[in-house]
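As structure tokens, the structure follows; a few thoughts come after it.
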Amino acid sequence: MKAESKISLLLILVTAISFLAIGCKDDRPTLNVYNWGDYIDPEIIEEFEEEFNVEVNYSTFATNEDMYISIAKGGTSYDVAFPSDYMIERMINEGLLAEINKENIPNMKYIGEEFLGLDFDPENKYSVPYMWGTFGIIYNKTMVDDVVDSWDILWNEKYADQILMLDSQRDSIGVSLKRLGYSLNSRNLEELEEAKNELIKQKPLVYAYVGDDVKQLMVAEEAALAVVWSGDAVSMIRENNNLEYVYPKEGTNIWFDNMVIPKNAKNKELAEEFINFLNRPDIAARNADYIGYSTPNVAAQEQLPEEIRNSQVAYPSRDILENTEVFRDVKDMLSIYDELWLEVKSHR
Ligand code: N2P
Numbered sequence: 014m015k016a017e018s019k020i021s022l023l024l025i026l027v028t029a030i031s032f033l034a035i036g037c038k039d040d041r042p043t044l045n046v047y048n049w050g051d052y053i054d055p056e057i058i059e060e061f062e063e064e065f066n067v068e069v070n071y072s073t074f075a076t077n078e079d080m081y082i083s084i085a086k087g088g089t090s091y092d093v094a095f096p097s098d099y100m101i102e103r104m105i106n107e108g109l110l111a112e113i114n115k116e117n118i119p120n121m122k123y124i125g126e127e128f129l130g131l132d133f134d135p136e137n138k139y140s141v142p143y144m145w146g147t148f149g150i151i152y153n154k155t156m157v158d159d160v161v162d163s164w165d166i167l168w169n170e171k172y173a174d175q176i177l178m179l180d181s182q183r184d185s186i187g188v189s190l191k192r193l194g195y196s197l198n199s200r201n202l203e204e205l206e207e208a209k210n211e212l213i214k215q216k217p218l219v220y221a222y223v224g225d226d227v228k229q230l231m232v233a234e235e236a237a238l239a240v241v242w243s244g245d246a247v248s249m250i251r252e253n254n255n256l257e258y259v260y261p262k263e264g265t266n267i268w269f270d271n272m273v274i275p276k277n278a279k280n281k282e283l284a285e286e287f288i289n290f291l292n293r294p295d296i297a298a299r300n301a302d303y304i305g306y307s308t309p310n311v312a313a314q315e316q317l318p319e320e321i322r323n324s325q326v327a328y329p330s331r332d333i334l335e336n337t338e339v340f341r342d343v344k345d346m347l348s349i350y351d352e353l354w355l356e357v358k359s360h361r
């Protein structure tokens with residue numbers, strides 16, 4: 014054979030093999046997963062892909078409200094999503110979620126009882142616990158010389174431009190309501206108006222309304238005080254031990270993020286397989302350790318490093334938990350909350 018024909022034969026072979034390879038890849042079922050940013054150990058996704066010979070198409074969101082819009086408008090069909098309590102309640106009421114076949118999730122037996130049967134999904138028909146936590150104030154001990162025990166410190170002019178708030182409407186309105194001694198789920202127009210005015214008053218002191226970037230900003234000591242979710246506090250304190258997490262005395266929020274299957278999911282059984290996989294004690298433990306958040310999986314908790322298991326940030330004691338409130342869907346009041354937040358964010 015001439016050199017040229019050898020080369021063309023080789024080319025044909027290479028092309029054929031790559032087509033085959035691409036073909037095989039395409040044949041693998043795809044699981045569309047929609048989760049918060051920085052909320053899973055990426056190696057665990059790879060392990061699932063390998064073990065089940067599937068492809069995970071992973072995308073992220075920053076708030077419950079963002080996630081809700083993408084799912085409700087239904088452009089992409091997701092197989093698994095990770096909303097919080099009040100949003101699960103809303104999605105159930107709006108018929109956006111599929112019932113989960115618990116026979117496919119035997120590892121649910123590892124979930125602690127206190128995380129099951131909660132008000133937002135009393136029989137866990139639609140949701141399986143993933144992580145839980147609180148929000149509170151993280152502050153830098155070298156930059157703040159006042160006692161930090163109240164939400165009031167976030168309104169202290171001394172810390173102008175050194176305060177970070179969450180760019181998340183229920184959380185920030187919640188902080189303002191709690192500070193005033195009201196419920197996080199207030200339906201009282203005067204209370205809500207007062208909470209809004211306080212947020213507007215606070216705005217000139219706020220350096221930024223943040224999402225996952227809060228971690229980098231606080232670790233780099235670019236701000237002194239921030240409202241954060243507990244798991245992020247765990248990872249920040251690991252990186253910079255000038256940081257401390259506080260539960261303000263007026264009380265705070267306890268939240269539960271669960272895994273759900275949207276009604277228009279294309280791969281429900283694989284979604285259940287994934288939910289079950291994330292509840293394997295060894296996987297759940299590695300995942301919780303990696304992201305810093307608190308696992309509801311009792312068998313996984315036992316496998317966590319002692320410093321996390323005993324951490325008051327990740328696993329607060331009873332007396333702290335007693336002074337917390339869960340977000341509920343505010344239903345007919347939602348447009349008021351939406352408007353209020355818009356007014357705060359657009360105020361100059
Ligand atoms: C992690 C987001 C945590 C979700 N970046 C808090 N509900």
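For any residue, its number in our numbering is found by taking its place in the sequence shown, counting from 1, and adding 13.
We put the CB at the ideal spot given by N, CA and C, even for glycine.
Being a predicted model, the structure only gives us computed values, none of them experimental.
Is the beta carbon of residue j closer than 8 Å to that of residue i?
i, j, result
"residue 128", "residue 340", "no"
"residue 121", "residue 307", "no"
"residue 283", "residue 54", "no"
"residue 304", "residue 52", "yes"
"residue 357", "residue 216", "yes"
"residue 395", "residue 344", "Here the chain covers residues 14 to 361 and nothing more, so residue 395 does not appear."
"residue 95", "residue 137", "no"
"residue 220", "residue 176", "yes"
"residue 218", "residue 170", "yes"
"residue 151", "residue 159", "no"
"residue 353", "residue 205", "yes"
Pull up the distance between the alpha-carbon of residue i and that of residue j, whole angstroms please.
i, j, result
"residue 88", "residue 113", "22 Å"
"residue 36", "residue 43", "Note that residue 36 scores 49 on pLDDT, short of 50, meaning its location in the model is unreliable and no value can be drawn from it."
"residue 327", "residue 146", "7 Å"
"residue 274", "residue 99", "16 Å"
"residue 62", "residue 348", "41 Å"
"residue 231", "residue 241", "10 Å"
"residue 201", "residue 351", "15 Å"
"residue 60", "residue 337", "36 Å"
"residue 235", "residue 163", "22 Å"
"residue 198", "residue 142", "22 Å"
"residue 74", "residue 50", "6 Å"
"residue 264", "residue 203", "20 Å"
Are there 16 or more other CB atoms within 10 angstroms of the CB of residue i, so buried, or fewer, so exposed?
i, result
"residue 318", "exposed"
"residue 161", "buried"
"residue 86", "exposed"
"residue 209", "buried"
"residue 342", "buried"
"residue 174", "exposed"
"residue 149", "buried"
"residue 187", "buried"
"residue 285", "buried"
"residue 355", "exposed"
"residue 82", "exposed"
Tell me which same chain residues have a C-beta within less than 7 Å of the C-beta of residue i, skipping the five on either side of it?
i, result
"residue 375", "Missing from the structure shown is residue 375; the chain here goes from 14 to 361 and no further."
"residue 78", "182"
"residue 360", "213 and 216"
"residue 314", "308 and 322"
"residue 302", "317, 318 and 321"
In chain order, what residues of the same chain have a beta carbon less than 6 Å from the beta carbon of residue i, not counting five sequence neighbours either side?
i, result
"residue 156", "237"
"residue 76", "181"
"residue 125", "309 and 311"
Which residues in the same chain have their Cβ closer than 8 Å to the Cβ of residue i, if we skip the five residues on either side of it in sequence?
i, result
"residue 134", "101, 102, 105, 140 and 271"
"residue 90", "45, 275, 277, 278 and 279"
Is there contact here, the stretch 115-132 with the stretch 184-196, by at least three beta-carbon pairs under 8 Å? no
Can we say the stretch 251-267 touches the stretch 322-338, given the rule of at least three CB pairs closer than 8 Å? Short answer: they touch.
Sufficient close CB pairs (3 or more, under 8 Å) joining the stretch 200-214 to the stretch 285-299: no
Given 8 Å, three or more beta-carbon pairs between the stretch 306-321 and the stretch 70-77: no
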